[in-house]
Amino acid sequence: MKGEFSSDDLKQLFALLSEKHPDGGAKPPPRRVFTEAEQRLLENDSIERSDFQDLVSATDRRAWGQAGHYAPALAAYFRISEASLCRKPQHVDDQVLLFQGFCAVDAVALLIYMESLGFRVFPERLVAKLKKRLINKPVMTESEYRIWTYEQSRKRQKQVIKSSAIVRPGFPETKSHKDQAGNRVTLTLQGEEALYLEVRGARYREIRNDFKVCEYCGFGYLASSRSDRVAHRSIHRATKRVLDPPPNRLFAGKLTAGFAGEEVGPQQPQWMHREVFRRAARFREDFGYDFIQWPGNGTAKASVDWRGHLIPAGQDGTIAGACAFSRRTEADQYGSEWALAWIWLAPSYRRQGLVRARWPRFLELYGDFWIERPLSSEMEAFVRVHGSELQKRWLKENGA
1 MKGEFSSDDL
11 KQLFALLSEK
21 HPDGGAKPPP
31 RRVFTEAEQR
41 LLENDSIERS
51 DFQDLVSATD
61 RRAWGQAGHY
71 APALAAYFRI
81 SEASLCRKPQ
91 HVDDQVLLFQ
101 GFCAVDAVAL
111 LIYMESLGFR
121 VFPERLVAKL
131 KKRLINKPVM
141 TESEYRIWTY
151 EQSRKRQKQV
161 IKSSAIVRPG
171 FPETKSHKDQ
181 AGNRVTLTLQ
191 GEEALYLEVR
201 GARYREIRND
211 FKVCEYCGFG
221 YLASSRSDRV
231 AHRSIHRATK
241 RVLDPPPNRL
251 FAGKLTAGFA
261 GEEVGPQQPQ
271 WMHREVFRRA
281 ARFREDFGYD
291 FIQWPGNGTA
301 KASVDWRGHL
311 IPAGQDGTIA
321 GACAFSRRTE
331 ADQYGSEWAL
341 AWIWLAPSYR
351 RQGLVRARWP
361 RFLELYGDFW
371 IERPLSSEME
381 AFVRVHGSEL
391 QKRWLKENGA
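Positions 1 to 400 (full-length UniProt numbering) are the ones given, in order, by the sequence shown.
Take a look at the structure:
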């Protein structure tokens, strides 16, 4: 069945949702046991289409019991797939008769959608039963997600069903109705054509488009979204560890060995590779490069063709920045075996002589190493003053 509604379909659906419930719309008293249809759904982990329609019509008797007949069209509209079901054969070579229906999670998700539209259905007991199966699932289908979030989203959603009618220039009109459960149902018409039906739950509130960008960490998020706020806090903390680093006890222990304690190679512990990686990632972000120029991270060490250096701000192990050297596959015309891939310092530690103090040691370890282009204006000025004679010559011949 196609997931679309004609103009007449929407008018009929609006009429049904606007009709008063025969019993006044009161919610039935809570039951301790499932109905026979619900019990079969749970036992079979599925339900026939006709049984599902009867399940809806049993509690929503408006329009002479026609409420259940909307189920297949609504399932198609909300992308809930019907399944081909059959009775389990007594023998594997027995012939089976296939019939259309829904898997249990899809059937309950459809009940949730129908409830949010204003149908008098009660999926909460089935939700509670099926939700237990989802506790240890790391990945969910959309239907399972609807079940998992049912309690939080119930009566707080807005559903819109569009018709197949063509929208033409003009001023549309609306018809509205508030049902006995507090749902606000609105039908938008253009002349005699119904364009779309909107249903807002009794507790629905418009979400403000309060998109923010944190000036400190640069992360963009919706302040009204809990998951966005959690993600922002995580990114913010990670950024602060790099931009305003605290003392690092492990690194302070390494610094007792002097300059050698700053070097990060294959023999150094994993955490040092991870700290270099964090600065390499920040360097990429600040200067807009396509990839991170450091193959080590929190789970793998950099190869023997790479050497990193953590640059301390003092003996307490505060990591002011880092740099990385890569071995060149072929020596260039100047005979350079190593290249400085990048060097990065937290803003508060720049222009304090930390790089200048280490440059002679870098030249001892890596010779007249090549400096990867392009250079920032600050790095170009530094090389003109503190670089080796060969590095100054490169700068003159090749530019920044």
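Using N, Cα and C, we set each Cβ at its ideal position, and we do this for glycine too.
- Check the Cα spacing between Val121 and each of Leu98, Asp93, Lys155 and Val92: the tightest is with Lys155.
- By the C-beta density criterion, Trp338 is buried, having at least 16 other C-beta atoms within 10 angstroms.
- In summary, Cys323 is buried, with 16 or more beta-carbon neighbours lying within 10 Å of its beta-carbon over all protein chains present.
- Where Phe102 is concerned, the enclosing beta strand (DSSP E) starts and stops at Phe99 to Cys103.
- Beta-carbon to beta-carbon, Leu345 and Gly321 are separated by about 3 Å, close enough to satisfy the 8 Å threshold.
- In the structure shown, the three-state DSSP call for Leu375 is coil.
- Secondary structure within the stretch 193-219: the beta strand (DSSP E) runs of 3 or more consecutive residues, fully enclosed, are 193-200 and 211-213 (chain order).
- Here the C-alpha atom of His273 lies approximately 60 Å from the C-alpha atom of Val56.
- Tyr221 and Ala231 have their C-alpha atoms roughly 8 Å apart.
- With fewer than 16 neighbouring CB atoms inside 10 Å of its own CB, Glu36 falls in the exposed class.
- In terms of CA proximity to Gly218, Ser234 leads the group Arg327, Glu206, Ser234 and Gln157.
- Taking all protein chains shown into account, Lys301 has 16 or more neighbouring C-beta atoms within 10 Å of its C-beta and is therefore buried.
- A check of alpha carbon separations from Tyr196 across Ile112, Ser81 and Val167 identifies Val167 as the nearest.
- Distance check between Thr188 and each of Ser176, Trp271 and Gln180 places Ser176 closest, using alpha-carbon atoms only.
- Taking the Cβ atoms as the reference, His309 lies roughly 6 Å from Glu263, within the contact range of under 8 Å.
- DSSP lists Gly101 as the bridge partner or partners of Ala83.
- Annotation for Gln159: no alpha helix (DSSP H) segment contains it, though the beta strand (DSSP E) segment containing it runs Lys158 to Lys162.
- One Cα belongs to Gly387, the other to Arg358, and the distance between them is close to 11 Å.
- Sequence-distant Cβ neighbours of Gln157 in its own chain, meaning closer than 6 Å and more than five residues away, are Ser116 and Gly201.
- Residue burial is scored here from C-beta neighbours: Tyr216 has fewer than 16 other C-beta atoms within 10 angstroms and is therefore classed as exposed.
- With a threshold of 16 other beta carbon atoms within 10 Å, Val304 falls short and is exposed.
- Residue pairing of Arg307 in beta bridges, as defined by DSSP: Phe325.
- The DSSP-derived three-state label of Val264 is strand.
- For secondary structure counted as the alpha helix (DSSP H) over 4 or more consecutive residues, the stretch 126-173 holds these complete runs in sequence order: 142-148 and 150-153.
- Taking C-beta atoms under 8 Å as the contact rule, Ala67 and Leu111 fail to qualify, at a distance of about 12 Å.
- Note on geometry: alpha-carbon atoms of Gly265 and Val139 lie some 38 Å from one another.
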